[in-house]
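K.L.:
Would you mind keeping the following structure in view while I ask a few things?
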Amino acid sequence: MPVIDEDAPGAIPPERPMPIQVAAPAYKGIVVDTRYEPATSLLTHIEGASWTVNYYSQVLGKDNALSSQNLNRPAAYQGYKRILGFEFKVTTPLNTNQDPQTKNFSTTGQANVYPCGLIPNEGDCFVADVGDGREAVFEITNSEKRSFLLDGAYVVDYKLLDYAEQDNRLADLTIKTVETYQFDRASLQNGQKALIQYDDYNVLQKLRGYYAEMVDFYFSRFVSQDRRTLILPGQKYIIYDPFLTGAVLKMFRDENHPSIKYIHELNVFEDDNYDTATVWTALLKKRRKELVGGMREVGLVSVRAFSANPVMNSVRYSGVEYVVYPKDPNKSEDYRRRDLSKTMAPWSIQLPPSRLTNLVDIVNISELNGLPEFDAPAVHPSSAPTYVFSPAFYDATNPGQSALELAFQAYLDDKAYNMKLLQQLCVSYTSWAPLEQFYQMPFLMKILQHAMGRI
Amino acid sequence: MPMIKLPIPETTESVTRPVMLDVLRQIMQLTGISNKTNITYFGDLERSKQLNSAIGETDKDDPNTFAHNDKVSIEVAENYYSDLVVNDAVERPENLLIFQDAPLSIVMKPMYKQMEATITIKYRTQNENQAIQWRDYVKSRITQKRELYLHNVSYAFGIPEECLYILRELHALRENVAGFGEDFDTYFANHRTPKMTVLSNLSGSAKLWAVPETQTRIQGWFDWGEAPEKSTRDGDGGTYTVSFSYQFRYARPSEIFMAYPIVVHNQVIPKKLREELLEDHNDIEKTYAMTSRIFRSFEGAVWSDQQRQDFGFSVPRFDEFWPRMVPNNTRRMLTVLFTLDPENPRLFMNVATIKGRQFDPDILEYMRAEREYLPKSSMSAIHFGLYKNDFLIDADPLPFMIDENLNVLGKLSLNYRVQHHLRISLFIDWQSLRGGALQRLQDHGRAAIKMLLAIDPSLKDRGLLPVLIDDNFVSKTSLLIAIHNLRPVISPTASGPNGLMQTVQTLFVESDRL
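If you read the sequences in order, they're chains A and B.
The first sequence runs 70 to 524 under this note's numbering.
The second sequence runs 99 to 612 under this note's numbering.
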């Protein structure tokens, strides 16, 4: 004890009582709205003509100073973050002067920069097309934030340094690139981050392509022009599913596909049993609780069981013969008491065969080797006994679920998607059987939307 | 041996800025400036970076700076320290090696420049009170005699890529013939300083070998006398500013010195790694004006590289062989760098047919007659010495023999891993010749006269040259008279009484009034 231990933390002074407050606590006279206005709301107000450049932003530590591109400086000491396809909003186009004495050209310009996570600094470089089929390297000579608010656009002045040739500045910039991003204006407009890691961006672009194809595929195939709604494919009778049609109409807008405007929801809502939690409500609300105690099984009910009152514009006169009807709806007490359950038809939804193969073995196994779900089938049949998905999905047991079901579980739990698997599903859906396409593609499309938003 | 000096690829970011900020932070701590104070130290663009644009600066609560907060701005002036301007070590042994392959004589070492740095510091305080408190604190330190500080500065200097390129080429040659079976990484790791490390950028894609160092006990001092000046009000917002400067000296690494051999494992290094052919002064016929001829007498005292070449020739011309030891009283005629022919490793060369250089036929004839005495010092007027790297191979047992066609044939098998030279020299102290050498010289009168003239050209003017009898014979008396009157030109390669000590150059000027 008497020898002082160098490493000991030292004595802790005893806690003192709260000091007496002489002045009154600060009087808050004005209510401050602390709501944070995100940068994207500025987007529409940024003026200038768009100019797409590849931007090289200096990677700086706290003690580093700004520096021009220094060709003799080793790459370990000077690094750049490369942003491909960055958009400048040019306010002063390139202005060229030739010095009469030295005959040197001086080319300068000015542009606005979106508040998108990139903060321009003096000494940053960018490579852009200069108009005669050549690219040039420019340097930012001045960077000024236009607002003292949290997010502000920047205005930059720049100067042309040299043509971008592989043996000089461009090669040096390439060597000194630490990481590559892609500027994505669509994400910026959606309020998402606009600088996307280049590898992720490639995935995103692929998913966007798949998504567009899928929308086109789905609506050109399953919209019935005759009945002006979505009809279950490959059935003996004309069957309508009010759950699916309602959800799909909520997910898409008319401008997504020309056929969407033909889809009408048929009126079945005189029957309270339709007001139940289903996989569709779980999908739209992105809520796992919707599945707990929610509807699992469906049957078919003839349209004749619905109202015959022509004023109601009921499904009865729509030209549809059967309607998908919940077998085990979860109902409020009110609904339970006035039970209006209808008599089910003795047959159920049929399973038409795929035009290509018979459902399984659609996924190229070798590409998925080593992944956790590589041996799962892409989809399970959407017929009996459970609605849309297999019983394993409803019980959340694994193994037994299909790849899409697992992806949907990940969607509900906000877990990371297995991108490889997702891409496989996007490739293989064309060979699913029609009924699985009809029922399960909306899920895949929603999951894709979600995955794209998360990149 | 090529010796090159390559600039360290980067010193601003790697040395100067870290050193200045190290010193500044130590000063801030010592004078009681909060370490949270914003520091402004401009780079080549003389602009501050935008807030939150550096790594780790993502403080959303502090999106802007204003001109009314605490701040330290510095400006740095760095100059060579004039008192030590000629003291920087280049080739001389001074700085520690960072790479050494002793058997091949490859070395790398840093060179430093002695720098005198002045940091001009501008300290802005948020209010007057803070300025007064800071000044009082500094005053107390001065009272305690604590205005002189010792600093430690840390930095890392990079190795130029050219050095590593050369090293890779040399390593490839080393492994090509009589190799050790070592890959480059192992070779480099075994011969470099263990301090050496690899720097990289954030993604690890760009790498640079570097040597980290810490210089300690660097003394620095403030420019003020009894106390810093009073702070002055600085515009609006109640801020006060004071300026002062701080000085210190340190050694800034500037270049890497590298030396390597011309022959690696019996192979001449590629042309791109060698210097241009040296200009051989003996190949130029020189005339002098009177003054420059007089000054030329002093030239011998300077051991310049050109001077070294002044006596005799080297083959090849880019060889700068400079042996550590030579037999007493010999003057170089020719040094030949040679490699071994794997087909016939015993045959070193033919002295009569060396490419580019030709001996006088009389001398060749003399050599042919003397061939068994040539390897033995003072047994003949000409001496052949075999060198292994810089060292003369002992003449007992004889390492080589010379046949009647003047082929030099090895008696020992030589090592492929070392450099070999044959030095052919003229023995200049003929009074010390022994073993019947003089009698044999009498029989080669023409050669003897030519050699005497080479040792002392003034013999001719003084009329002391021996006279030829019977075409190729000189009398013993005339030969001895010439030998007694020899006044050899001073040779830097000679040691002993005629040698020259390496010392401070002295210049005497004698003037006569006419």
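Think of the CB as a built atom: it goes at the ideal place given N, C-alpha and C, for glycine as much as any other residue.
At which residues does the alpha helix (DSSP H) containing P351 (chain B) begin and terminate?
P.N.:
Careful: P351 (chain B) lies outside any alpha helix (DSSP H), inside the beta strand (DSSP E) at 338-357.
K.L.:
Count the other CB atoms within 10 Å of the CB of R350 (chain B); is the residue buried (16 or more) or exposed (fewer)?
P.N.:
Answer is buried; the Cβ neighbour count reaches 16.
K.L.:
What whole-angstrom Cβ distance do G256 (chain B) and L195 (chain B) have, given they're in contact under 8 Å?
P.N.:
That pair is no contact at about 17 Å.
K.L.:
Please state the DSSP three-state secondary structure of R385 (chain A).
P.N.:
Three-state result, R385 (chain A): helix.
K.L.:
Rounding to the nearest angstrom, what Cα-Cα distance links W420 (chain B) and L432 (chain B) in this structure?
P.N.:
W420 (chain B) and L432 (chain B): Cα-Cα distance of roughly 12 Å.
K.L.:
Pick from A:L360, A:Y386, A:F291: whose alpha carbon is nearest that of Y456 (chain A)?
P.N.:
For the residues A:L360, A:Y386, A:F291, the minimum Cα distance to Y456 (chain A) belongs to A:L360.
K.L.:
Is any beta-carbon of chain B found at less than 8 Å from that of E248 (chain A)?
P.N.:
Yes - at least one Cβ of chain B is within 8 Å of the one on E248 (chain A).
K.L.:
Could you please tell me which residues of the stretch 263-279 of chain A, in chain order, have their CB closer than 9 Å to any CB of chain B?
P.N.:
Cβ contacts with chain B come from no residue of the stretch 263-279 of chain A.
K.L.:
Quick check: what's the CA-CA separation for K158 (chain A) versus L229 (chain A)?
P.N.:
Computed Cα separation, rounded: 17 Å.
K.L.:
8 Å is my cut-off, CB to CB: does I102 (chain B) come that close to chain A?
P.N.:
No, I102 (chain B) does not count as interfacial toward chain A.
K.L.:
For M423 (chain B), is the classification buried or exposed, using 16 other Cβ atoms within 10 angstroms of its Cβ as the cut-off for buried?
P.N.:
M423 (chain B) is exposed by the Cβ-count criterion.
K.L.:
Please check if any C-beta of chain A sits within less than 8 Å of the C-beta of P310 (chain B).
P.N.:
Not one chain A Cβ lies under 8 Å of P310 (chain B).
K.L.:
If you draw a straight line from the alpha carbon of G141 (chain B) to that of S136 (chain A), how long is it in whole angstroms?
P.N.:
C-alpha separation (whole angstroms): 6 Å.
K.L.:
Would DSSP call Q506 (chain A) helix, strand or coil?
P.N.:
DSSP places Q506 (chain A) in helix when its eight states are reduced to three.
K.L.:
G368 (chain A) to K305 (chain A), Cα distance in whole Å?
P.N.:
Going by the C-alpha atoms only, they are around 15 Å apart.
K.L.:
Please identify, using Cβ separations under 8 Å, the residues of the stretch 440-462 of chain B that lie next to chain A, in order along the chain.
P.N.:
Listed by position along the chain: nothing, the set is empty.
K.L.:
Kindly indicate if chain A contains any beta-carbon less than 8 Å away from that of E173 (chain B).
P.N.:
With 8 Å as the cut-off, E173 (chain B) does not count as an interface residue toward chain A.
K.L.:
Which residues, taken in chain order from the stretch 142-158 of chain B, show a beta carbon closer than 9 Å to some beta carbon of chain A?
P.N.:
Residues D142, L143, E144, R145, S146, K147, Q148, L149, N150, S151, A152, I153, G154, E155, K158.
K.L.:
Work out the CA separation of I332 (chain A) and T298 (chain A) for me, nearest whole Å.
P.N.:
Each residue's Cα considered, the two are about 4 Å apart.
K.L.:
Near K515 (chain A), what residues of its chain come up, given a Cβ to Cβ distance below 7 Å and the 5 sequence neighbours on each side ignored?
P.N.:
For K515 (chain A), where only same-chain residues beyond five positions count, the Cβ hits under 7 Å are M320, L352.
K.L.:
What three-state label does DSSP hand V372 (chain A) in the structure shown?
P.N.:
It is helical.
K.L.:
Could you check whether L242 (chain A) and C194 (chain A) sit closer than 8 Å to each other, using their CB atoms as the reference points?
P.N.:
Yes, the Cβ-Cβ distance between C194 (chain A) and L242 (chain A) is below 8 Å.
K.L.:
Go ahead and label K77 (chain B) buried or exposed: buried means 16 or more other beta carbons lie within 10 angstroms of its beta carbon, across all protein chains shown.
P.N.:
In the structure displayed, chain B extends from 99 to 612; residue 77 (chain B) sits before or after that span and is not available.
K.L.:
For A144 (chain A), return the contacting residues in chain B, with the cut-off set at a CB-CB distance below 7 Å.
P.N.:
Within chain B, the residues near A144 (chain A) are N299, A304.
K.L.:
What separation, rounded to the nearest whole angstrom, lies between the Cα atoms of E505 (chain A) and F512 (chain A)?
P.N.:
Their Cα atoms are separated by approximately 11 Å.
K.L.:
Once DSSP output is grouped into helix, strand and coil, what is the label at I360 (chain B)?
P.N.:
Correct three-state label for I360 (chain B): coil.
K.L.:
Using a beta-carbon distance cut-off of less than 7 Å, what residues from the stretch 219-240 of chain A approach chain B?
P.N.:
From the stretch 219-240 of chain A, only L219 have a Cβ closer than 7 Å to chain B.
K.L.:
Leaving out five residues before and five after I353 (chain B) in sequence, what residues of the same chain have Cβ atoms less than 7 Å from its Cβ?
P.N.:
In the sequence as displayed, the identity of residue 353 (chain B) is Glu instead of Ile. Hits under 7 Å: K103, L104, P105, I106, M209.
K.L.:
Have a look at the DSSP bridge pairing and note the partners of M206 (chain B).
P.N.:
BP columns for M206 (chain B) point to B:F197, B:M356.
K.L.:
Using a Cβ-Cβ cutoff of less than 8 Å, which residues in the same chain neighbour I572 (chain B) once the five nearest sequence positions on both sides are dropped?
P.N.:
The sequence as given places Val at residue 572 (chain B); Ile does not occur at that position. Excluding residues within five positions, the ones whose Cβ falls inside 8 Å are L539, Q540, G543, A546, I547, P564, V565, L566.
K.L.:
Can you tell me which of A:D310, A:L219, A:P460 puts its alpha carbon nearest to the alpha carbon of P161 (chain B)?
P.N.:
Considering only alpha carbons, the answer is A:L219.
K.L.:
Please go through the same chain and pick out, in chain order, the residues whose beta-carbon is closer than 8 Å to the beta-carbon of N164 (chain A), but skip the five residues on each side of it.
P.N.:
Hits under 8 Å: T176, T177, G178.
K.L.:
Apart from the five residues just before and just after G469 (chain A), which ones in its own chain have a Cβ nearer than 6 Å to its Cβ?
P.N.:
Result list for G469 (chain A): A461, in chain order.
K.L.:
Counting contacts by CB-CB distance shorter than 8 Å, is N250 (chain B) in contact with chain A?
P.N.:
False, the Cβ-Cβ gap to chain A never drops below 8 Å.
K.L.:
With respect to the alpha helix (DSSP H) encompassing S576 (chain B), which residues constitute its N-terminal and C-terminal limits?
P.N.:
Where S576 (chain B) is concerned, the enclosing alpha helix (DSSP H) stretches over 574-582.
K.L.:
Can you tell me whether V183 (chain B) is buried or exposed? The criterion is at least 16 other CB atoms within 10 Å of its CB, across all chains shown.
P.N.:
That one is exposed.
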